[in-house]
Amino acid sequence: MSAQQQAQELRFLVEMAGWQQVESFIAGRIHDRMQQLRTCGSWEEVIQHRAGVEALESVLLYISTTIEKGIDDDEPAD
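Numbering (our numbering), first residue to last: 1321 to 1398.
Here you go:
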């Protein structure tokens, strides 16, 4: 699948009504994990919660960067 096709499919995804619910859920999980970081009793807990935050953020980052890259690829070169 080309970068343009991926971007188009993800654009369709984020335009769907259910996406706001999914995005809100992910944002809520990120917030919860960030709050848990404040009460960690060990470095192992910090690493665990931080990894959770990074994993969730990576999903949103993947979607936005894939869409941006597809948009950039769609633009004609000067």
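Note that beta-carbon positions come from the ideal geometry of N, C-alpha and C, so glycine has one too.
Here the structure is a predicted model, which means the values were calculated and not measured.
For the pair residue 1353 and residue 1373, the CB atoms are nearer than the 8 angstroms cut-off. Look at the beta carbons and you see the segment 1364–1371 not touching the segment 1334–1348: under three pairs across the two are nearer than 8 angstroms.
Secondary structure of residue 1338 (DSSP, three-state): helix. Counting C-beta atoms within 10 angstroms of its own C-beta, residue 1348 has fewer than 16 neighbours from the protein chains shown and is therefore classed as exposed. The residue from 1344, 1350 and 1346 with its alpha-carbon nearest to that of residue 1370 is 1350. The DSSP-derived three-state label of residue 1384 is helix.
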